[in-house]
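*Asks:* My structure is below; once you've seen it, I'll send some questions.
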Amino acid sequence: MLKNNKEKKNQLKKLAHFSSIVTQMAAIILLGAYLGGYIDEKNNYTSPFFTIILSLIGVFLALYYMFNKVKTINGEE
4 MLKNNKEKKN QLKKLAHFSS IVTQMAAIIL LGAYLGGYID EKNNYTSPFF
54 TIILSLIGVF LALYYMFNKV KTINGEE
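Everything in the sequence shown is counted per the numbering used here, starting at 4 for the first residue and increasing by one.
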């Protein structure tokens, strides 16, 4: 019974970590998109150049963060 409770707690802990990863990834990507939109609007650009560039940078940063966090959670580092 104790082993089963420890396994459940461990699974819940991992679930909490992974759900926080999703939230943080979304925040990073949205921050990049918002910042890019702000720069485009402030400089009166007709094309969304900075929005696209900073959104893509946000995606790559979020993926990098996710891979490192998953390694840490799984104990590979």
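In this text, a Cβ means the ideal position worked out from N, Cα and C, and glycines have one as well.
How do the stretch 16-28 and the stretch 41-58 stand: do at least 3 beta-carbon pairs fall below 8 Å, yes or no?
*Replies:* They do not touch, by the three-pair rule.
*Asks:* Determine, using beta carbons only, whether L64 and G39 come nearer to each other than 8 Å.
*Replies:* In this structure, G39 does not lie closer than 8 Å to L64 by Cβ.
*Asks:* Below 6 Å CB to CB, which residues in the same chain sit around I32 once its five sequence neighbours on both sides are set aside?
*Replies:* So the qualifying residues of the chain are G61, V62, A65.
*Asks:* Taking the straight line between their C-alpha atoms, what separation do you get for Y37 and Y68?
*Replies:* Their Cα atoms are separated by approximately 19 Å.
*Asks:* I'd like the span of the alpha helix (DSSP H) that includes N77, first residue to last.
*Replies:* Unbroken alpha helix (DSSP H) run through N77: 52-77.
*Asks:* Which residue's Cα is closest to the Cα of V73: N8, A19, K11, E10?
*Replies:* That would be A19, whose Cα lies nearest to the Cα of V73.
*Asks:* According to DSSP, simplified to helix, strand and coil, what is T26?
*Replies:* In this structure, T26 counts as helix in the three-state DSSP scheme.
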